[in-house]
Amino acid sequence: MVSIHLYTRAALVSAFALVPALPIMAETEPETTDPIVINGGEIELPTAVPAPAHLDGVFDQIYSGWLFRDSETQAMQLDDFENPGMIFVDQGIDDWNAVEGEAGKSCASCHEEIESMKGVRAVMPKVNGNGELWSLEDYINDCRTNRMQAEALDWDGDRMKNLTAAISVQSRGMPMNVAIDGSAKPFWEKGKEMYYTRYGQLELACANCHEDHYGDWIRADHLSQGMTNGFPVYRLKQAALVSQHNRFRGCIRDTRAETFPMGSDEFRALELYVASRGNGLPVEGVSVRH
Amino acid sequence: MPRHATSAAMAAMMALAFAAPLAAETAPQDVAFTEYGSIEAPLIDSAGDPEEGAKIYADKTSGNCVACHVISDRPDAEFQGTIGPPLDGAGDRWEAAQLRGIVVDAKKTFPESMMPGFYKTSGYIRPGDAFTGKAGTEPLPPILTAQQVEDVVAYLATLKE
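Just so you know, the protein sequences line up as chains X and D, in that order. What the first sequence shows, in the numbering used here, is residues 1 to 290, in sequence order. What the second sequence shows, in the numbering used here, is residues 1 to 161, in sequence order.
Written as structure tokens, this is what we have:
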């Protein structure tokens, strides 16, 4: 018995040596890396850029999730009138200008035009003045509760997603550039540890799917590198905007694990680490995925 | 309680009492692996049914092996995955004991494998209650029953080239 087994293993090992591209190890590179050309050339977003230094030995290139979608889904992101997420950007801008709360203020009362938010999305999440890691949602709710004296918005509620979408679009095309050193370092380390932890009954880490097997198919899904530069994304399956933490929750739930709550410290740390893997990719939000 | 209900309940209890010794099975925590990850003894007395195994293989709510594997003569299984190796000829490459070990807990055969353990109930990080996202309590129900594992193993053994 044992000798047969060893023979089988030896045969497998030599097969590995001869055929380095066995599907087990597949990192199937995208066929093309054309840029996303929006509104007939008004905006061009690269879909492949060199990986950030901290991914040395992991990836040479990092890719937009757009490359892994089918052509119909891709096309919807090429024209702002076809992009179903853009309606929510408009609603977010309305909210930006709407006075609410005891202080009688809107976001615009302090920040003026929403264009003033240019650059913000590219560096989120980041450590605030008190040494806490905050996501864009936290900054929005801080303004609402402390400066507008209005109620905090639900992390995953429509109004919050509309605002993060409207703010993200202002940075469209700017490379993601989250800080990972200094005061951000411990959060980044924690997020990294989570990324490689094999959660749940299926014992799958983010890295199993998005690092080891991007380009492969997991049933009907074509795996991307799991980048967050496109968020919030308009997801056809949900017919709604989807926040980063909602996506993380879904991916962890799919491993038959107990997830973390949206807006938890764990998900902020994971958000930072995942964002840093995409440092260099342009802010795409609002992107379209299925 | 009406009499017929009582006797129905009795009959059900009797059936249970008799069913247990008939289908003696090895509990997940009692499974014995060899050094290389094989499991010599079937998990249950009753033989595996390859036809049933073929169904479980492609069924999204039980085996869902197709999520990661391709078998070329299974056009009925839509959307076959490319994560693991194609399973054509798996019955030539592996003995039943080895296949059983791979399905029960592939990491005993392939350390660090991405393939989940289908007859394993504890030792997880943040185990969930199936796909609810809520906490589960170990021991979790195994993904496949002992009978289903044997069915799948019987099916894999038929995959010859």
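C-beta atoms are modelled at their ideal positions from N, C-alpha and C, and glycine is treated no differently.
Of all residues in the segment 74-87 of chain D, the ones placed with a Cβ closer than 8 Å to any Cβ belonging to chain X are 78, 79, 80, 81, 82, 83, 84, 85 and 86, in chain order.
Going by beta carbons, residue 112 of chain X and residue 128 of chain D fall outside the 8 Å limit.
Look at the segment 209-220 of chain X: the residues with a C-beta under 9 Å from a C-beta of chain D are 209, 212, 213, 215, 216, 217, 218, 219 and 220. Residue 127 of chain D has a beta carbon lying within less than 8 Å of a beta carbon in chain X. In this structure, the alpha-carbon of residue 174 of chain X lies about 33 Å from that of residue 104 of chain X. The Cβ of residue 135 of chain D sits closer than 8 Å to at least one Cβ of chain X.
Between residue 88 of chain D and residue 161 of chain D, the beta carbon gap of about 6 Å places them in contact (Cβ cut-off 8 Å).
The beta carbons of residue 158 of chain D and residue 138 of chain D sit no closer together than 8 Å. Around residue 80 of chain X, the same chain offers 38, 39 and 86 as residues with beta carbons nearer than 8 Å, after the five sequence neighbours per side are excluded. About 10 Å separates the beta carbon of residue 144 of chain X from that of residue 95 of chain X, a gap too long to meet the 8 Å contact definition.
Counting of Cβ neighbours within 10 angstroms places residue 79 of chain D among the exposed residues, the total staying below 16. The segment 188-224 of chain X contains, as complete alpha helix (DSSP H) runs of 4+ residues, the segments 206-210 (chain order). Its Cα nearest to that of residue 275 of chain X, the residue X/187 stands out among X/117, X/88, X/187 and X/152.
Around residue 66 of chain D, the beta-carbon contacts reaching into chain X at under 7 Å are 219. Straight-line measurement puts the Cα of residue 279 of chain X at about 10 Å from the Cα of residue 180 of chain X. Of all residues in the segment 64-85 of chain X, none comes within less than 9 Å of chain D when Cβ atoms are compared.
Neighbourhood of residue 140 of chain D in chain X, by CB distance below 9 Å: 201 and 256, in chain order.
Using a CB distance below 9 Å, the part of the segment 234-268 of chain X facing chain D consists of 249, 250, 252, 253, 254, 255, 256, 257, 258, 259 and 260, ordered along the chain.
Within chain D, not a single residue places a beta-carbon under 7 Å from that of residue 144 of chain X; the smallest gap is close to 28 Å. Counting along the chain, no alpha helix (DSSP H) covers residue 43 of chain X; the unbroken beta strand (DSSP E) around it starts and ends at 43-45.
Neighbourhood of residue 198 of chain X in chain D, by CB distance below 7 Å: 125, in chain order. DSSP, read as helix, strand or coil, puts residue 65 of chain X in helix.
DSSP places residue 287 of chain X in the strand class (E or B) of the three-state scheme. Rounded to whole angstroms, the separation of the alpha carbons of residue 150 of chain X and residue 109 of chain X is 14 Å.
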